[in-house]
Structure formats: structure tokens, C-alpha cells
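Chains as they are written, first to last, in the working numbering: chain A, 5 to 260; chain B, 539 to 1476.
Structure follows, in C-alpha cells:
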């Protein structure tokens, strides 16, 4: 590949709207009738969420160092070879990040590059959630749903940017795969965020229990492929919560 | 004066910038080898290490730099230089000091050759947390400083970056842990021979404060401190350049400034704003724009020439210390060198205002302007506040804060002085929680120096301390705390012989305090003298003495400000607000700067608004016109306050935390449903519909019919002009209670004649036969899927509004409280929304909920359960990674509180998991938790 790498250390985004239906979906809404009071609260809360948020993203591409072993790993993951046990980690050129597990290997099958992504809606969202936590549980709940919808929007914007970049090279991307999905360890967060310098660039930090703060942040890995990828993002099958997910039982998913 | 403060004068470098600006004539002298022993001997507060601070400055040049009279040039980027040399993303660059020292020294050398006077060690992330087991902090600093020294720079700056973790309450890292990480770096750097500290790329003012305190308390080297700001002019945590300049220079840093994030053209206006507020030299280290990869090479958008051109406005604004951040190289530094060599430091004239800050808001008061400090977070004479502080249920306190801010308070006084509670712990928690709901700066009010110190230490800003007095013991303990932690300070005209009864006598005490502050290096504009209001009913000369003292202080102690708790003046007389407001205006005219008062008193605020018109603060009377254009001359705006001790309107007092303050045009006797529904039916219908105000009104109506005497009062006080948005608060019994702000008064607020003889049947009937059944019905609808969660919550809030009315109309013990329940989001988890929903529902069912918050240590849960003999605890966890903490908490509970049942809930839990972690119950939602509570507790 002769083209330049994708490097967006930090970009602020102006997001003017979120999908109301998305917010309602996060609130568990199905057919219930909405009161005018609630609709007003919903609209007002979404507006305030958009107003206090400072959406930012960071993107950076890396070549995969061991694509041939990715293929082998992929075979192993599909059980087409006899190799048992832990698959070898995928390594990136110019980053210390290593991607471990069968599911990420499947996800990146055929890719020769990955794009690391981190997005956040900023600390002001968490500050507002904290303010509402003092006796405004309903507003906190609705604001939380609005902020979740917003950070997904921000991730969508970032993903579109990656797709455009890939398209400019006649390449195709796979969906956003985040640490903690399938058997990709949550521990992956540390070096993923470090590779994007995400604390300095976006203000994203990790707690000892590997949660991101600000809480409304998304980190993910996308593959860059030579052929179009058909894999669906909403794949519950690799989710570690698959067995007892209450949403799935009700015929819903958390990922759209 | 045999008892003047003997505190040693602080280092001259701290005084380079006087209130009136830079005074080049006062050049500080270098103190090459400051005697630490002598410093310690002079220290009057052993609890504060290295106080008073005596800075060890390497040479005369650095001393002049710290006085603002000479330039200083740092180096450029280290990280991007290393990346060019092949450093991988995610790699710890600090380890190269150990593995490839020559490479690091080479980079330093290139900067020294280009003209850098200071080189910055390669230790940005060298804290114990980031290094892990790779190397010790001491090893890295020792190697890094050796690398720097080997390049022969004039000065070596020990670089200290952020911890990489977010501090509580938004994150999980405790202040003390951050402090310890920094302190270890400081000690290692000092021991290895650094010349100064550069604390940089900080985004969180609290974390920055931890780093500065760590530097001050563990070393005497100069502290340079820079924060980083986005295009919006705020740090990631909402701090502005002004705010950082005020707070950090008050904390005693020797240089303050900005680095990273932006290119020089964007940094210039931000750093110029800093120069207006900092009382020390200001520095800037901008990025070379943004990077991109071209032909496999990382290039930055701003070249050396453009970069140096953009520095000119910074120098014009008075910046005296430069360098570079990400993307800059020796070429940039060489350009900066010739730029500095061609110029002289520009004159600066920092503001001379009284300032206090929170993490997100700067309050400043120019001479002649007046400001308001809200007095209501003080348990004296407030039974409900006392109760809230005792039980740790702070929602009520938060409500007090919100209403005061809405009414116009610019600073909030916080007092937790109750003999039966742990004042220090309560004050600290109050200060932390109040930051969550308001951005107004706080005034820390306590008689206990330990409580004051604990609170100001973890306060993310520059608070006001209330107070010091002129007694030796007070001066020697409080002034060092104020200086060390960078606080403004209230000084009471109170001495060993009490409060003098002449203006001259009080002035002498004020002068004593001010001189002691002078000696400690506290700026005059940070001192607020309280001339102490006494009741006019006991001595009619008393108010005159106060006014005369204010005049003396303002005319003879240049730059000092005056503050006054006003309401005591009317103690013992009727219609107190009139006396208070009139006295307030007289005090303003005498020179009062800040009034400590109840902003919910309409007459008080009217007086303030009117004064601001006459004083010219309210330009074109804009605010006054806005506030009063629709007010009527015929209806008394303070009718609520006239019935002192009278029954407040229950309808007007809905949920104190409710953001909506709808005018209550209707009287309590009218149902929203047009009189068709009975109050009982209205309660049910409106709870199900989730409407707060109608429920509150209907409950009030029922209560009124149950207690005849209350009925007339309630309708009387709701007959207030609906446009008067403050009418509800003005009729608050606390507001008009004589004891509200009088520490000497022992009369409780429950002087209310109706409350002392309440009809206790009615409230219980309303709860058991109306509110609870309606909630049950809603729970049912939720379970059947007919309601979704927000509807359940809206109904719960509506019911809560009803409970509030009942609570406010009953004495504390007339309502039997149900059992206690402890709730917590487990250690490591910061998602608390589910827990908050459960809390609200359980409270509505009458349980006394002990909300321990989020990220709660297992032992804290156990302690609370044991202390209150709690029989049910609810734990929530949202992430798979925090489920182990849940198991750990349950295990500890089994060991130390085997009687306590445990219910668990959260997104990743299911019945099997619940059993696995050892819980007794799995609550799939909030509604379920109420059922479990009923099953366990009845």
C-alpha cells in the first residue's frame, strides 16, 4: 500500500442532532404511549445533552505486522486446522498493541491494516449526569440515554471518516470491534488508548477496572480489507453476555 | 505588639508581582542554599510540611526570571523527537532514559545548542502507576536527570505529567493516591538533582493541585505549572485559563502557563487571558500545529517561522517564558532564541480583584462592587438540615444549594458544625458533593482548623476560609492553612477579650489580622474583614459601630475587603427582613464588599438589586428592569415573610430539587382537574400520569382539611403574586426564622404552631391509602410492560412530591420511618444510574435509604450496615469487570454483618450470577427491589 496512513490525533465534531427513536430505544420504550410532558422532557434533555457535549475523535491506522499468522489464526478460529489453544496475537507495525483472541482474528481476516478509533462526548456530560444524580433520577436516566445515543453518533461519524479514507484507496472496512467484545480482552484498552495518546488528545482515562472516563466514550478497532465486508455489527453470538442477556430475550439488541 | 505572627517571610520570588503589578525594582535575591532547618524551626503549623515556603533558586538569573524581569527559554518536544527516532505507539518513552541514555542526551544537546536554557527531563509519564514493574520512579528520574545534565544545560527541569487516571468523583482515583504518586516523583527528582519542576499538560485543576501540594510539601525547588486547553478555551474538565491562573498562583506556583493541544496562534489569546490574572510569571509551550503523515513521515502543520511569528502577541501580553511542545524541534527553539534576544519583557498589570474559584467558575469582585454569599448551608437553627447531615442524606442540602444559586448567591458558605457528627468527614463530603451540583465557589466555614484544612486540601479551586480571628491561637493556625492552600480568608474582629464595643477597638483587631496576613504573604484583596453584626435590639449603638468599623477598615487598610453576616442585626425584633435589608444597604454605603445572607429572602435580594443600580454595577439597570418590569406595586412581594413562623404554603413547596419553578397561581384548594376529582382521586391519577405539582397540591389540600388552623395559613401564603418567582422561598419558615442564621439562638425552627400539634392520622392515611397504592399500581403497569422505565420514574417523582409536602408539614418523629436500606454501586464501578433509580423508588416506599454512592469500598458498605444495624443492602454493578467487587463485598458482609440480606442488580447480572456472587436476591429492575424490600423488611 503506497498511500499515507490515516492520522487524526484529535478532531472536535459538531453534532447537531441525535435520533429521538434511538434515545427511546435505550430507555426501553416499545409501544407505550408517551405523555406530552415526557416528550417535552425528552426533547429538552436531548437539546441540553447536545449543548454540553464536546464530541471529539482520534483515528490512526497501522499496518498489521503478521497478516499471514492472522490467516492461520483465522483458520484455527474456524477450526479448519488442527491448531489448538491460544491463537497467536496480531501485532501492529509501529504500536505495541497486540490483539489477542479468536474473535478479533475472525474480524480482521483478510485485513492488512487496522484503524484504531477513540471517541468521547467529554467530561461535561459526566458532570451533568452527576448533577442530575442528586435527586433528579428521571432526568438522569433520560440524559444518560441521550448521551449514549450521542456517543454512538460520534462513533458513526468517525467510522464514516475511516470508510471514506479506505474508499479513497479502493479499500473496504469491517465494523467497529471494541475491547471486551467476544474474547478480545478488556485489557486491550490500555494500549489501544495509549496508541492514540487518547488521554492527552481526548481526555479519555482508564480506571483500574478498565472503565473509560468520561463514561460516554467508545474505543474500537476496524479492519481495512481488499474486499467488501459483509459482517454485521449486531452480532450477539460473540457477546460474553449472550447466555443471560435480558434484552435479547425480549427480542432486542444493544447494538442496533 | 508582643504577639505578632513570627512566621518567616516567604521567599522574595513570591512577591515579585505585587497587587499593583510587576515591580522590577524589587529584585529577589537568590537563595542558593536555603536552610531547611531554619524554615522548619519557624514553622508554626507542624501539620504543613515546608511551611512557610522558602524557594531554593539556583542562581540570580533564575531569580530574575521568577520576578518576571528576564526571559527564560525551555526546550521543545521530546516525545515527537523520539517517535521520529522510532518510538512505537504505546511504548513508555521514559524507559529509554535507562536503556538508551545517549539517545536522550543527544536530543537534550541539540536543544541546548539551539539556545534552550532549560531542558526538560524525559519523565512525563514516569509515575509508579504507569511504569508498573518496568522500572522504579527513582531509577527513571535518576537516569533522566543524568541524561539531561550530560547535555550541560543551564537548568534541568524535572518533568511531571498527569497520573493518567481521573480523580474522584468523576473518576475513581482518590486525591491522596494522586498526591502520593506525585510526591514520589518530586522526592526522586529532588534527590537526583533537578533545578526546578515543570508540572505540565494538566487538565484537571484538582489533580494539578495534588501535584503542586506534593511539590511544595516534599521539596523547596521552584514550581512551574502549565495546563492544557482546547479550542473552546477550556480544559477537558472545564477549567478556563483565568481560573487556572488565579487558583494556581494562589497555591504558590512560581510560574503558571499553558502547553500542548493547540498551535501558538490559538494559545496566544488564552495565555494573554492568564497574564491578566496570574500573580507570577506566565509561560507558554505551544504545539507546532497538527500532525499528518506524508510519504511515511509525520509532519506538523506549522513551520518554525510561522510558529515564532505567532509568539509575538504572547510576548506583547507579558509572557516571559517560552519553549515548545508536540512537533517542535531544535529549529523552532533556535527561532525562539533570536526572538527573545531581540526583546525585553513587557509590562503587566494583573487585576487587583477579590477572587475565589471552583473547578469551573471564577468569581471576581472589583473594588466597589458588591457580592453575595449564601448562608443557608449551616445547621444552626435548622432542624431539617441537622437531620440531613446526621443521616448523611444530602439531597436536602443539595436542594438548599440549588435554590440559593437560583436566587442569586455567588458564593456558598458551607458549615457542618454539629457536635454529634464527625464534622471533618461531613464537611469534606459536603464540599465534594456540592461541586457536583453547582459551579459556584465555596466558603469553608468551621471553627475546627482540622476540618478546614481537610476541606480546603481537596477543594478543586481557591475557596474562602471562614474564618480566622485576632486571637494568637487562631492567627497561628488558620493563616498558614490559608496561605499554603491558596485561599481567601475571612477575618473576624474578635480578640482575646471578645468583641470590642468601639469601632476603634474592632479596627485594631482587623489591623492585627491584616498585618499577620501581610507577613504570611496573603494578598490584601484576599482578606475579608467581618466587623461582626450584633443585634440592635440589645444595643442600639451596635449597628453604628459595625458601619464605622467598615469605614475604618476600608479607609486605613488599603486593598482589604469587608464581609458581613447581616441578619443578626434584627434578632429579637419582628418583621426582620425589613431591618436586615435596610442595614445591608447602609453597610454597602459604608464600604461592605460581600454580604453573607439568605438569598431566598426577597427583600434582601431587592435591596441588593437596587443597590447595584445606584452603585452603577447594574449597567443601564438591565438586570433590575428584567427582574422587576412586571412586578406590582400594590402586592407586597414579601407577604410570605410577614407571617414569621407561620405556615408556609405546601403547594408552593414541591420538590426542592425540581428544576422547574412554576408559579403557583392556583390556591391549594383548587384541583388541577377542575374540581371534578376528589383530592384522593387526583393523587392517584396524577401519580400515574407522573405529574408532580398536582400531586403536591392535592396532598396539601388534604392536609389542610385535616388541620383547620393550617388551612387558612396555607391559602393566605399562596395568595402571592404568581409572577413573583421567589414567593415560595420567601415563605420558607427557615428563611424567616429568627434563629436561622444566629448561632446564639437556640430556638428550633419548629416554632410553627400547627406543626407542634399536627394531625398525625391524616399524613399516614395519605401515605398508606393513596400514595403507596398508586405506586403499587404503577409498579404493576411497569411489570406488564404497559409502562416503560421513564414512566415508572415520573410516577415515583410525582409521589415523592407528595411525600415532600407531608414531610414539611410534620414534625420529624410524627412519621414513622420504615427500615433502613444501604445502597451502593460497587468498588471500581462508576455507573450509578441504576442504583439511583432504586434509591428513589425505595425512598418513596418510606424506607430510609443510606446511599453510599458509587465506586464504594466493600468495607465502607459493611461499616454503614454495622453502624445502623441495617438489615438489607442493595449492590449494583454494571460491568463484568466489577462483578468480582460485588462478590467481595458480599463476602465481607457475611463475615461482619451476617444478619444483613443482600440484593444485587445491574446490566450484567442474572439470577445465576446473583447466586454465584452469593447474593440473597436478584433484582431485575427497580420495581423488583421494592418487592424484595417488602419481603425482607415488611
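Ideal Cβ placement from N, Cα and C applies to all residues, glycine included.
Local Cβ density within 10 Å of residue i, reported as buried at 16 or more and exposed below that
i: residue 624(B); result: exposed
i: residue 1235(B); result: buried
i: residue 1200(B); result: Because residue 1200(B) sits at a pLDDT of 37, beneath the cut-off of 50, its placement in the model cannot be relied upon, and the point is left open.
i: residue 1519(B); result: Outside the displayed range of chain B (539 to 1476) lies residue 1519(B), so it cannot be described from this structure.
i: residue 758(B); result: buried
i: residue 941(B); result: buried
i: residue 780(B); result: buried
i: residue 1035(B); result: exposed
i: residue 1467(B); result: buried
i: residue 1316(B); result: buried
i: residue 882(B); result: exposed
i: residue 1470(B); result: buried
i: residue 690(B); result: exposed
i: residue 1449(B); result: exposed
i: residue 728(B); result: buried
Supposed close pair residue i, residue j - CB separation, criterion 8 Å
i: residue 795(B); j: residue 754(B); result: Not confirmed; about 18 Å, so no contact.
i: residue 865(B); j: residue 615(B); result: 6 Å
i: residue 16(A); j: residue 60(A); result: 5 Å
i: residue 1367(B); j: residue 1445(B); result: With 8 Å as the limit, residue 1367(B) and residue 1445(B) do not qualify as a contact, their Cβ atoms being about 11 Å apart.
i: residue 760(B); j: residue 604(B); result: 6 Å
i: residue 709(B); j: residue 217(A); result: 5 Å
i: residue 103(A); j: residue 225(A); result: 7 Å
i: residue 712(B); j: residue 31(A); result: No, residue 712(B) and residue 31(A) are not in contact; Cβ-Cβ is about 33 Å, not under 8 Å.
i: residue 801(B); j: residue 842(B); result: The Cβ separation is near 12 Å, so there is no contact.
i: residue 664(B); j: residue 657(B); result: Not quite, the Cβ-Cβ distance comes to about 16 Å (not below 8 Å), so this is no contact.
i: residue 1098(B); j: residue 1052(B); result: 6 Å
i: residue 493(B); j: residue 1121(B); result: As shown, chain B starts at 539 and ends at 1476. That puts residue 493(B) outside it, with no answer to give.
i: residue 764(B); j: residue 852(B); result: Wrong, their Cβ atoms sit about 13 Å apart, outside the cutoff.
i: residue 935(B); j: residue 978(B); result: So it is not a contact: roughly 14 Å between Cβ atoms.
Terminal residues of the beta strand (DSSP E) in which residue i lies
i: residue 1363(B); result: 1358 to 1363
i: residue 13(A); result: 11 to 16
i: residue 835(B); result: 835 to 838
i: residue 697(B); result: 693 to 698
i: residue 909(B); result: 909 to 915
i: residue 797(B); result: 793 to 797
i: residue 1388(B); result: 1386 to 1389
i: residue 1071(B); result: Element bounds for residue 1071(B): n/a, residue is neither H nor E.
i: residue 229(A); result: 221 to 229
i: residue 1003(B); result: 1002 to 1007
i: residue 62(A); result: 60 to 67
Residue span of the alpha helix (DSSP H) that contains residue i, given as start and end
i: residue 1(A); result: Only positions 5 to 260 of chain A appear in the structure, and residue 1(A) is not among them; the question remains open.
i: residue 747(B); result: 743 to 756
i: residue 40(A); result: 40 to 56
i: residue 1017(B); result: 1010 to 1022
i: residue 986(B); result: No alpha helix (DSSP H) contains residue 986(B), which DSSP labels as neither H nor E.
i: residue 645(B); result: 639 to 652
CB contact check: residue i to chain D, cutoff 8 Å
i: residue 830(B); result: No chain D appears in the structure shown, which is made up of the protein chains A and B.
Ordered list of beta strand (DSSP E) runs contained in the region 809 to 857 of chain B, each at least 3 residues: Along the region 809 to 857 of chain B, the beta strand (DSSP E) occurs as fully enclosed runs of 3 or more residues at 820 to 823, 829 to 832 and 835 to 838, listed in sequence order.
Meets three-Cβ-pair contact criterion under 8 Å: the region 997 to 1007 of chain B and the region 735 to 748 of chain B: In this structure the region 997 to 1007 of chain B touches the region 735 to 748 of chain B; the number of beta carbon pairs closer than 8 Å is three or more.
Inter-stretch contact (C-beta, 8 Å, three-pair minimum) for the region 1134 to 1154 of chain B and the region 911 to 931 of chain B: Short answer: they touch.
Contact the region 1326 to 1346 of chain B vs the region 133 to 143 of chain A: 3+ CB pairs below 8 Å: Counting Cβ pairs under 8 Å, three or more are found: they touch.
contact_flag[the region 128 to 135 of chain A, the region 104 to 119 of chain A] where n(CB pairs < 8 Å) is 3 or more: In this structure the region 128 to 135 of chain A does not touch the region 104 to 119 of chain A; the number of beta carbon pairs closer than 8 Å is below three.
Segment contact flag, the region 796 to 815 of chain B with the region 161 to 172 of chain A, C-beta cutoff 8 Å, min 3 pairs: Contact fails: fewer than three Cβ-Cβ distances are below 8 Å.
Any 3 or more C-beta pairs closer than 8 Å across the region 171 to 179 of chain A and the region 43 to 50 of chain A: They do not touch, by the three-pair rule.
Meets three-Cβ-pair contact criterion under 8 Å: the region 966 to 985 of chain B and the region 947 to 957 of chain B: At 8 Å Cβ cutoff, the stretches touch.
Cβ pair count under 8 Å reaching 3, the region 21 to 30 of chain A against the region 729 to 739 of chain B: Inter-segment contact for the region 21 to 30 of chain A and the region 729 to 739 of chain B is absent: fewer than three beta-carbon pairs are separated by less than 8 Å.
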